[in-house]
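Undergrad: Protein sequences, first through last, are from chains X and E.
Under my numbering, think of the first position of the first sequence as 1, with each following residue one higher.
Under my numbering, think of the first position of the second sequence as 287, with each following residue one higher.
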Amino acid sequence: MIPAPFSYVAPTSVDEALAALAEHGDDAKILAGGQSLLPVLRMRLNAPEWVIDLGRIDSLRGVRDAGDHLVIGAMTTHHDVLHDPLVAEHAALITAAATDLADAQVRHRGTFGGSLAHADPAGDLGAPVLALGASFVIAGPSGTRTVPGTEFFVDLFETAIGDDEILTEVHVPKHTGWGAHYEKFVRVAHQWPIVAVAAAVRVEGGTIEHARIGLTNMGSTPLRATAVEEALTGQPLTADAVRAAAQHAADGANPPSDLNGDASYRSHLACVLTARAVLAAGGADG
Amino acid sequence: MTRISLTVDGQQVVDDVEPRMLLVQYLRERLGKTGTVIGCDTSNCGACTVHLDGRSVKSCNVLAVQADGSEVTTIEGLASNGQLHPVQEAFRECHGLQCGFCTPGMIMQSVDLLEENPDPTEQEIRLGLEGNLCRCTGYHNIVRSVQAAAKGATS
Ligand SMILES: Cc1cc2nc3c(=O)[nH]c(=O)nc-3n(C[C@H](O)[C@H](O)[C@H](O)COP(=O)(O)OP(=O)(O)OC[C@H]3O[C@@H](n4cnc5c(N)ncnc54)[C@H](O)[C@@H]3O)c2cc1C
Ligand code: FES
Ligand code: FES
Numbered sequence: 001m002i003p004a005p006f007s008y009v010a011p012t013s014v015d016e017a018l019a020a021l022a023e024h025g026d027d028a029k030i031l032a033g034g035q036s037l038l039p040v041l042r043m044r045l046n047a048p049e050w051v052i053d054l055g056r057i058d059s060l061r062g063v064r065d066a067g068d069h070l071v072i073g074a075m076t077t078h079h080d081v082l083h084d085p086l087v088a089e090h091a092a093l094i095t096a097a098a099t100d101l102a103d104a105q106v107r108h109r110g111t112f113g114g115s116l117a118h119a120d121p122a123g124d125l126g127a128p129v130l131a132l133g134a135s136f137v138i139a140g141p142s143g144t145r146t147v148p149g150t151e152f153f154v155d156l157f158e159t160a161i162g163d164d165e166i167l168t169e170v171h172v173p174k175h176t177g178w179g180a181h182y183e184k185f186v187r188v189a190h191q192w193p194i195v196a197v198a199a200a201v202r203v204e205g206g207t208i209e210h211a212r213i214g215l216t217n218m219g220s221t222p223l224r225a226t227a228v229e230e231a232l233t234g235q236p237l238t239a240d241a242v243r244a245a246a247q248h249a250a251d252g253a254n255p256p257s258d259l260n261g262d263a264s265y266r267s268h269l270a271c272v273l274t275a276r277a278v279l280a281a282g283g284a285d286g
Numbered sequence: 287m288t289r290i291s292l293t294v295d296g297q298q299v300v301d302d303v304e305p306r307m308l309l310v311q312y313l314r315e316r317l318g319k320t321g322t323v324i325g326c327d328t329s330n331c332g333a334c335t336v337h338l339d340g341r342s343v344k345s346c347n348v349l350a351v352q353a354d355g356s357e358v359t360t361i362e363g364l365a366s367n368g369q370l371h372p373v374q375e376a377f378r379e380c381h382g383l384q385c386g387f388c389t390p391g392m393i394m395q396s397v398d399l400l401e402e403n404p405d406p407t408e409q410e411i412r413l414g415l416e417g418n419l420c421r422c423t424g425y426h427n428i429v430r431s432v433q434a435a436a437k438g439a440t441s
């Protein structure tokens with residue numbers, strides 16, 4: 001199927017894009033890589049009158065070093081994030097998640113910002129970004145504002161980005177030297193996880209000094225699993241200790257039930273996958 | 287209508303298209319490049335894979351207007367001077383197809399894969415082709431074809 005007719009504009013600056021949004025407001029939809037939006041339009045689940053393509057705005061692309069954090073432009077493709085040396089060095093958890101995200105063709109088009117703005121609870125980038133304590137820069141008619149990860153994800157496919165706003169960049173605090181692993185559980189290739197766990201750990205002398213854990217598809221938004229982070233802190237990096245602490249992985253989560261598994265199955269998975277992710281992140285054999 | 291100007295298989299084209307027109311539709315219906323096929327409605331199968339500015343994309347999941355100013359290579363642009371591309375040759379040699387429906391996409395994705403990684407392991411080939419579905423072969427001969435093409439390219 002093909003989308004319903006729409007008018008198209010491809011601005012070359014954020015200001016022009018904001019002006020187009022202000023003009024067409026409710027009738028407009030932003031197009032980033034199109035890897036989620038175009039399937040939606042083709043299935044006629046949505047039929048905006050205007051499509052505003054961010055693809056010609058060069059300033060939204062790329063990764064840069066900003067001292068204690070990295071700045072990832074919203075229009076940086078999954079492929080470019082995956083191969084970016086700064087991300088690999090300072091935010092290896094994002095590299096790990098991008099490795100397993102979709103397939104090569106989708107990674108060549110789909111963008112970091114588009115994926116986060118889409119806010120699919122099964123999307124692979126929300127959990128790692130939350131775990132690393134990222135914040136989100138959102139541009140609107142009255143300037144830009146910065147929203148912490150905890151406030152960015154609001155609900156299923158819903159974020160703090162307003163109808164007249166654009167996500168421009170994501171700030172990711174550096175986690176240089178941390179071990180990282182993304183453990184994704186899925187039945188078939190190139191698909192969204194049934195559950196996935198993002199883990200970054202700092203291990204000193206065999207003890208877990210710090211743990212950051214994010215959960216994918218364990219609720220209507222990606223989650224930061226603080227209970228299990230606390231349980232892991234100070235534990236030795238051994239299979240028994242990590243598995244015991246990982247029993248807290250689903251504390252406070254409200255996972256969905258669907259054809260892929262019911263809520264209790266997902267909670268069980270979260271515990272098992274957290275143990276695997278933490279052990280792999282710490283460099284221990286599970 | 288929006289005016290677009292792009293290069294397809296080495297040829298410059300200029301056209302007025304509806305913004306909603308998909309790149310795959312443009313290639314097939316406007317340019318007659320029916321070598322690129324449509325296998326699904328969900329952007330899962332990869333049969334429509336082409337190269338956009340040198341990288342593989344699913345042309346059913348790109349608007350023609352997004353390709354304005356770009357260079358597109360389809361399966362029809364791979365052979366040169368009557369000589370099959372080494373990856374096409376390898377699929378023929380290794381029996382990397384049965385019905386052939388997935389083949390244009392498989393070959394375009396394999397070319398992209400080998401450009402990025404000229405000497406892939408079997409696992410890397412399987413992962414690299416994860417966005418391309420084949421209902422016939424069971425994938426083994428497709429993987430062998432890519433291995434053969436890689437050997438040819440590296441030896
Ligand atoms: C076959 C297939 C398999 C996939 N597998 C996975 C997978 O395993 N894991 C996974 O996580 N994802 C997967 N995806 C989705 C993929 O990651 C998409 O790239 C991503 O979800 C959307 O990014 P995009 O740049 O394509 O955004 P688009 O599709 O262009 O936009 C998505 C939504 O976000 C809005 N938006 C985009 N950018 C902005 C912005 N800067 N500011 C405000 N709003 C914005 C758009 O209006 C739209 O509503 C898959 C997709 C396909 C087709
Ligand atoms: S037709 Fe494009 S992915 Fe199936
Ligand atoms: S050869 Fe028939 S689908 Fe692959």
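In this text, a Cβ means the ideal position worked out from N, Cα and C, and glycines have one as well.
According to DSSP, is E:E375 part of a helix, a strand, or is it coil?
TA: Residue mapping note: residue 375 of chain E aligns to position 89 of the second sequence, counting from 1. Three-state result, E:E375: helix.
Undergrad: By Cβ distance below 6 Å, which residues in the same chain neighbour X:G73 in space, the five residues on each side in sequence not counted?
TA: Along the first sequence, one-based indexing puts residue 73 of chain X at 73. Cβ neighbours of X:G73 beyond the five flanking positions: L60, R61, G62, E169.
Undergrad: On the DSSP letters alone, give me the boundaries of the beta strand (DSSP E) that X:I30 sits inside.
TA: Here the question's residue 30 of chain X lines up with position 30 in the first sequence. Segment 28-31, the beta strand (DSSP E) holding X:I30.
Undergrad: Give the C-beta separation of E:R306 and X:P11 to the nearest angstrom, bearing in mind that I take them to be a contact with Cβ-Cβ under 8 Å.
TA: Here residue 306 of chain E refers to the residue found at position 20 when the second sequence is read from its first residue. Here residue 11 of chain X refers to the residue found at position 11 when the first sequence is read from its first residue. Between X:P11 and E:R306 the Cβ distance is about 19 Å, and since that is not below 8 Å, they are no contact.
Undergrad: In terms of DSSP beta bridges, what is E:Q369 paired with?
TA: What you label residue 369 of chain E is simply residue 83 of the second sequence in a count that begins at 1. E:Q369 is bridged by DSSP to E:S366.
Undergrad: Just the Cα atoms here: how many angstroms apart are X:V188 and E:T320?
TA: The sequence position of residue 188 of chain X within the first sequence is 188, counting from 1. The sequence position of residue 320 of chain E within the second sequence is 34, counting from 1. Between X:V188 and E:T320, the C-alpha separation is close to 29 Å.
Undergrad: Can you tell me whether X:R64 is buried or exposed, with buried defined as 16 or more other CB within 10 angstroms of its CB?
TA: The residue you call residue 64 of chain X lines up with position 64 of the first sequence. Looking at its Cβ environment, which holds fewer than 16 other Cβ atoms inside 10 Å, X:R64 is exposed.
Undergrad: Check whether chain X comes within 7 Å of E:K319, counting only Cβ atoms and requiring the distance to be less than that.
TA: Here residue 319 of chain E refers to the residue found at position 33 when the second sequence is read from its first residue. Chain X, which has no Cβ nearer than 7 Å to the Cβ of E:K319, makes this no.
Undergrad: Pick out every residue whose C-beta is nearer than 6 Å to a heavy atom of ligand 2: which are they, in chain order?
TA: E:I324, E:G325, E:C326, E:S329, E:N330, E:C331, E:G332, E:A333, E:C334, E:K344, E:C346
Undergrad: Pull out every residue of the segment 402-422 of chain E whose Cβ sits closer than 7 Å to any Cβ of chain X, in chain order.
TA: Those residues of the segment 402-422 of chain E that come within reach of chain X (Cβ to Cβ, closer than 7 Å) are G414, E416, G417.
Undergrad: How far does the alpha helix (DSSP H) with E:I393 in it extend, from its first residue to its last?
TA: Counted from its first residue, the second sequence places residue 393 of chain E at position 107. Where E:I393 is concerned, the enclosing alpha helix (DSSP H) stretches over 389-402.
Undergrad: Looking only at C-alpha atoms, which of X:T111, X:L269, X:A263, X:V228 sits nearest to X:E183?
TA: By one-based count along the first sequence, residue 183 of chain X stands at place 183. Checking every option, the nearest Cα to that of X:E183 belongs to X:L269.
Undergrad: Note down the Cα distance separating X:A102 from E:G417, rounded to an integer number of angstroms.
TA: Taking the first residue of the first sequence as position 1, residue 102 of chain X is located at position 102. Taking the first residue of the second sequence as position 1, residue 417 of chain E is located at position 131. One C-alpha to the other measures close to 8 Å.
Undergrad: Pull up the CB-CB distance for X:T77 and X:R107, whole angstroms please, since I reckon it's below 8 Å.
TA: Working through the first sequence from its first residue, we reach residue 77 of chain X at position 77. Working through the first sequence from its first residue, we reach residue 107 of chain X at position 107. So it is a contact: roughly 7 Å between Cβ atoms.
Undergrad: Regarding E:Y377 and ligand 3, is the C-beta to nearest heavy atom distance less than 6 Å?
TA: Mapped onto the second sequence, residue 377 of chain E falls at position 91. Reading off the sequence shown, one finds Phe at residue 377 of chain E, where the question assumed Tyr. Ligand 3 has no heavy atom closer than 6 Å to the beta-carbon of E:F377.
Undergrad: Is the CB of X:A199 under 7 Å away from at least one CB in chain E?
TA: Residue 199 of chain X sits at position 199 when you count from the first residue of the first sequence. No, its Cβ sits nowhere closer than 7 Å to a Cβ of chain E.
Undergrad: Do the segment 230-243 of chain X and the segment 146-157 of chain X make contact, defined as three or more Cβ pairs closer than 8 Å?
TA: no
Undergrad: Can you find the residues in the same chain that come closer than 7 Å, C-beta to C-beta, to X:R145, ignoring five residues on each side of it along the sequence?
TA: In the first sequence, the residue the question calls residue 145 of chain X occupies position 145. The residues are I138.
Undergrad: From the DSSP output, in three-state form, read off X:S135 for me.
TA: Taking the first residue of the first sequence as 1, we reach residue 135 of chain X at position 135. DSSP places X:S135 in strand when its eight states are reduced to three.
Undergrad: When you check each C-beta in the segment 327-347 of chain E against every C-beta of chain X, which residues fall closer than 7 Å?
TA: Correct list: D327, T328, S329, G332, T335, R341, S342, V343, K344, N347.
Undergrad: Should E:D327 be labelled buried (16 or more other beta-carbon atoms within 10 Å of its own) or exposed?
TA: Numbered from 1 along the second sequence, position 41 holds the residue referred to as residue 327 of chain E. Burial call: exposed.
Undergrad: Could you give the DSSP three-state label for X:P39: helix, strand or coil?
TA: Against the first sequence, residue 39 of chain X aligns to sequence position 39. DSSP places X:P39 in helix when its eight states are reduced to three.
Undergrad: Mapping DSSP to helix, strand and coil, what is X:L130?
TA: By 1-based counting over the first sequence, the position of residue 130 of chain X is 130. Residue state, collapsed to three classes: helix.
Undergrad: Span of the beta strand (DSSP E) holding X:P256?
TA: Along the first sequence, one-based indexing puts residue 256 of chain X at 256. First-last for X:P256: undefined, no H or E at that position.
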